[in-house]
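Enquirer: Take this structure, written in structure tokens, and hold onto it; I'll ask about it next.
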Amino acid sequence: MRNLMVVEDETLIRMGLKVMFDWESLGIHWAAEAGNGKEALEMMEREAIDIVFTDIRMPVMDGLELMKACKDKYPDVKFVILSSYTDYEYTREAVRLGAFDYIVKTSINKQELETLLTRLLQSLPERQQSQLAPVSRLELKSYCLENMLMHEGVKPSSVDKQIFQIPFWNGNTHVFIASLKGKELDDNGWIRSLHVIISEHIRQMGRSDTALYKNGAVLLFMCSLTYSDEEIRRVQEELEWKITRFLDTQPDIIKLGGKYEWSKIRRQINEHLVHFGNDGIPASTTLIKAQEYIRQNYHLSIGLEQAAEAAKVTPNYLSRLFKQETGQSFIRYIGNLKLEKAKQLLLEGTAVSKVGEEIGYPNPRYFSKWFKILTGMTPIEFKTSNKQDR
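Residue numbers (this note's numbering): 472 to 861.
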């Protein structure tokens with residue numbers, strides 16, 4: 472799965488791109504979106520991005536400045552320019568800077584987009600395959616993930632911690648996972664102190680860090696390094712020493728060599744966390760609850776978090792459940808529901824302005840643009856066409 476980020480200051484354009492195409496069918500994950508180049512750079516510090524769709528003219532930092540900033544820092548990222556008919560000179564400059572291609576954002580169609588994406592994916596460099604031996608892969612899945620993330624009944628009688636260093640596929644981004652058992656994990660101050668120690672150390676070495684907690688027992692950190700293998704080992708030893716000193720106990724270290732794709736690791740982690748967090752709740756019951764909540768509130772500004780809360784599950788679990796059970800993403804499901812309701816109201820003779828209000832888009836101009844992006848017709852054209860068919 473390749474990660475996509477869309478950088479565009481017009482919310483409507485971002486929304487239209489998101490719902491008009493089934494990105495995951497081509498193996499593309501809509502990972503992030505930003506309103507300008509500065510926001511995009513900040514997100515790229517936290518998320519490994521493969522493809523960027525960017526507007527050229529934006530406030531704070533425009534698309535050309537974003538491309539220049541990424542040229543040395545993220546050389547493998549592919550850029551597609553979202554241009555307008557008046558942006559010819561800017562588009563030519565973007566191509567000179569290495570943009571893969573450009574599309575005119577006011578006339579995007581699915582076929583053109585799919586053709587472009589197919590070519591782009593073929594041009595991306597192959598990710599390095601895992602060099603872990605089969606037994607090491609088994610250890611990674613069963614020991615690292617199951618034992619670390621699924622342990623229950625943590626007791627304060629002993630401290631058992633493991634540090635795992637797993638390079639990303641691109642060779643310069645690394646994951647450090649600290650599993651902590653039994654160090655009075657209900658003491659939030661203790662966990663925060665350890666988090667600060669590791670965060671400061673990683674910030675000194677790389678560009679960014681993130682953390683994932685599971686019942687206060689797991690800390691996961693990610694950072695980007697451009698060091699040699701020998702320097703990486705030194706970095707890990709320093710980190711282990713700092714944690715050991717803090718805990719005042721000798722850590723039990725398990726080292727895994729070779730390469731491993733972060734997408735696979737993240738998927739395994741999510742699966743374990745989802746299973747742990749939602750064990751015993753039938754998928755059908757969960758989906759029914761979520762769908763009922765959406766049907767009652769689709770005219771409001773609701774998101775995945777609110778629907779997950781209503782169904783009493785995690786957002787990640789609900790997102791995957793929608794895809795598995797309906798064949799649609801959560802966003803597309805709501806979009807299709809709004810669209811069908813809008814069509815129904817238009818066919819019943821409801822005024823265009825009223826239809827927009829009914830489905831949560833009170834701005835008539837915004838509603839008309841949204842409707843045209845999804846159907847290829849304005850609401851009035853849709854009404855006229857259906858009258859003629861009758």
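Just so it is clear, CB atoms sit at the ideal spot from N, CA and C, and this is done for glycine as well.
So, with DSSP's three-state summary, where would you put L591?
Expert: The residue given as residue 591 occupies position 120 in the sequence shown. The answer is helix: DSSP assigns L591 an H, G or I state.
Enquirer: With DSSP as the reference, label F524 as helix, strand or coil.
Expert: Taking the sequence shown and counting its residues from 1, the one referred to as residue 524 is at position 53. Here F524 sits in strand by DSSP.
Enquirer: Reducing DSSP to helix, strand and coil, say where A505 ends up.
Expert: For the purposes of this step, residue 505 is taken as the residue at position 34 of the sequence shown. Strand.
Enquirer: How about L816 and I830: are their beta carbons less than 9 Å apart?
Expert: The count along the sequence shown starts at 1 and reaches residue 816 at position 345. The count along the sequence shown starts at 1 and reaches residue 830 at position 359. Yes, these two residues count as a Cβ contact at 9 Å.
Enquirer: Rounded to the nearest angstrom, what separates P469 and E828 at their Cα positions?
Expert: No answer is possible for residue 469: it lies beyond the span of the chain, which begins at 472 and ends at 861.
Enquirer: Given a threshold of 16 other Cβ atoms within 10 Å of its Cβ, counted over all protein chains shown, does S578 qualify as buried or as exposed?
Expert: Along the sequence shown, one-based indexing puts residue 578 at 107. So S578 counts as exposed.
Enquirer: What is the residue span of the alpha helix (DSSP H) that S790 lies within?
Expert: Mapped onto the sequence shown, residue 790 falls at position 319. P786 to T797 is the span of the alpha helix (DSSP H), which, as asked, contains S790.
Enquirer: Give the straight-line distance between the Cα atoms of N787 and K858, rounded to the nearest whole angstrom.
Expert: Taking the first residue of the sequence shown as 1, we reach residue 787 at position 316. Taking the first residue of the sequence shown as 1, we reach residue 858 at position 387. N787 and K858: Cα-Cα distance of roughly 43 Å.
Enquirer: Let me make sure I understand the geometry here. Which of A778, L483 and V548 has the alpha-carbon closest to that of K576?
Expert: Here residue 576 refers to the residue found at position 105 of the sequence shown. Taking only the C-alpha atoms, the option nearest K576 is L483.
Enquirer: Count the other CB atoms, across all protein chains shown, that sit within 10 Å of the CB of E479; report buried if there are 16 or more and exposed otherwise.
Expert: Reading the sequence shown from its first residue, position 8 is the one you call residue 479. E479 is buried by the Cβ-count criterion.
Enquirer: Give me, in chain order, the residues of the same chain whose beta-carbon lies closer than 7 Å to that of K509; leave out the 5 immediate sequence neighbours on both sides.
Expert: Counting from 1 along the sequence shown, the entry for residue 509 is found at position 38. Within the same chain, K509 has close Cβ partners V531 and M532.
Enquirer: So the beta strand (DSSP E) V548 belongs to, where does it begin and stop?
Expert: On the sequence shown, residue 548 is found 77 positions in, with the first residue counted as 1. Unbroken run through V548: none, as it is neither H nor E.
Enquirer: Between which two residues does the alpha helix (DSSP H) containing M486 stretch?
Expert: To locate residue 486, count along the sequence shown from 1; it is residue 15. Where M486 is concerned, the enclosing alpha helix (DSSP H) stretches over T482 to M491.
Enquirer: Count the other C-beta atoms from every protein chain shown that fall within 10 angstroms of the C-beta of T525, then say buried if there are 16 or more, exposed otherwise.
Expert: As a working note, residue 525 is residue 54 in the sequence shown. Per the 10 Å Cβ criterion, buried.
Enquirer: Between the C-alpha atoms of K814 and M848, what's the straight-line distance to the nearest angstrom?
Expert: Mapped onto the sequence shown, residue 814 falls at position 343. Mapped onto the sequence shown, residue 848 falls at position 377. If I take the Cα positions, the gap works out to 11 Å.
Enquirer: Measure the alpha-carbon distance for K794 versus A570 and round it to whole angstroms.
Expert: Sequence index remark: in the sequence shown, residue 794 carries index 323 (1-based). Sequence index remark: in the sequence shown, residue 570 carries index 99 (1-based). Roughly 32 Å between the two C-alpha positions.
Enquirer: Can you grab the Cα-Cα spacing for the pair W841 / E585, in whole Å?
Expert: Within the sequence shown, numbered from 1, the residue matching residue 841 stands at position 370. Within the sequence shown, numbered from 1, the residue matching residue 585 stands at position 114. Between W841 and E585, the C-alpha separation is close to 20 Å.
Enquirer: Leaving out five residues on either side along the sequence, give the residues of the same chain with a beta carbon under 7 Å from the beta carbon of W501.
Expert: Here residue 501 corresponds to residue number 30 of the sequence shown, with the count starting at 1. Closer than 7 Å at the Cβ level, and outside the excluded window around W501, lie L475, K489 and W494.
Enquirer: The alpha helix (DSSP H) with N807 in it runs from where to where?
Expert: Start at 1 with the first residue of the sequence shown, and residue 807 comes out as number 336. Looking at the DSSP string, the run of the alpha helix (DSSP H) that includes N807 is F801 to L818.
Enquirer: Using the three-state DSSP reduction, which class does Y832 fall into: helix, strand or coil?
Expert: Taking the sequence shown and counting its residues from 1, the one referred to as residue 832 is at position 361. Coil.
Enquirer: On the three-state DSSP scale, how would you describe L497?
Expert: Here residue 497 is taken as the residue at index 26 of the sequence shown, counted from 1. In the structure shown, L497 sits in a helix (DSSP, three-state: H, G or I).
Enquirer: Pick out whichever of Y837, K825, A761 and G798 has its Cα sitting closest to the Cα of S496.
Expert: Locating residue 496 in the sequence shown gives position 25, counting from the first residue. Ranking the options by Cα distance to S496, first place goes to G798.
Enquirer: By Cβ distance below 6 Å, which residues in the same chain neighbour Y561 in space, the five residues on each side in sequence not counted?
Expert: Here residue 561 is taken as the residue at index 90 of the sequence shown, counted from 1. Excluding sequence neighbours, Y561 sits near I527.
Enquirer: When we look at the beta-carbon of R485 and count the other beta-carbons within 10 Å, is it buried (16 or more) or exposed?
Expert: As a first step, residue 485 must be located in the sequence shown, where it is residue number 14. The residue is buried, with at least 16 neighbouring Cβ atoms inside 10 Å.
Enquirer: Thinking C-alpha only, which one of G820, L587, I574 and V477 is nearest E504?
Expert: Position 33 of the sequence shown, counted from the start, is the residue given in the question as residue 504. Comparing Cα-Cα distances from E504 to each of G820, L587, I574 and V477, the minimum goes to V477.
Enquirer: Would DSSP call V478 helix, strand or coil?
Expert: Position 7 of the sequence shown, counting from 1, holds the residue named residue 478. In this structure, V478 counts as strand in the three-state DSSP scheme.
Enquirer: Suppose you measure from the CA of E481 to the CA of G534; what does that come to, to the nearest Å?
Expert: Within the sequence shown, numbered from 1, the residue matching residue 481 stands at position 10. Within the sequence shown, numbered from 1, the residue matching residue 534 stands at position 63. So the two alpha carbons sit approximately 13 Å from each other.
Enquirer: What is the DSSP secondary structure of Y573, reduced to helix, strand or coil?
Expert: Counted from its first residue, the sequence shown places residue 573 at position 102. Correct three-state label for Y573: strand.
Enquirer: Taking 9 Å as the threshold (C-beta atoms), are M491 and K581 in contact?
Expert: The residue you call residue 581 lines up with position 110 of the sequence shown. The residue you call residue 491 lines up with position 20 of the sequence shown. The answer is yes: Cβ separation under 9 Å.
Enquirer: Suppose contacts are defined by Cβ-Cβ distances below 9 Å. Is D572 in contact with L592 by that definition?
Expert: By 1-based counting over the sequence shown, the position of residue 572 is 101. By 1-based counting over the sequence shown, the position of residue 592 is 121. In this structure, L592 does not lie closer than 9 Å to D572 by Cβ.
Enquirer: Just how far apart, CA to CA, sit L771 and R567?
Expert: Your numbering for residue 771 matches position 300 in the sequence shown. Your numbering for residue 567 matches position 96 in the sequence shown. Computed Cα separation, rounded: 44 Å.
Enquirer: If we ignore side chains and look at the alpha-carbon of each, how far apart do Q767 and S594 end up?
Expert: As a working mapping, residue 767 is identified with position 296 in the sequence shown. As a working mapping, residue 594 is identified with position 123 in the sequence shown. Approximately 44 Å between the Cα atoms of the pair.
Enquirer: For T785, does the count of other Cβ atoms within 10 angstroms reach 16, so buried, or fall short, so exposed?
Expert: Within the sequence shown, numbered from 1, the residue matching residue 785 stands at position 314. Burial call: buried.
Enquirer: From this set, G774, C541 and F838, which residue's C-alpha is nearest I805's C-alpha?
Expert: Here residue 805 refers to the residue found at position 334 when the sequence shown is read from its first residue. It is G774.
Enquirer: Can you give the Cα-Cα distance for N507 and M515, rounded to whole angstroms?
Expert: Here residue 507 refers to the residue found at position 36 when the sequence shown is read from its first residue. Here residue 515 refers to the residue found at position 44 when the sequence shown is read from its first residue. Approximately 13 Å, taken between the alpha carbons.
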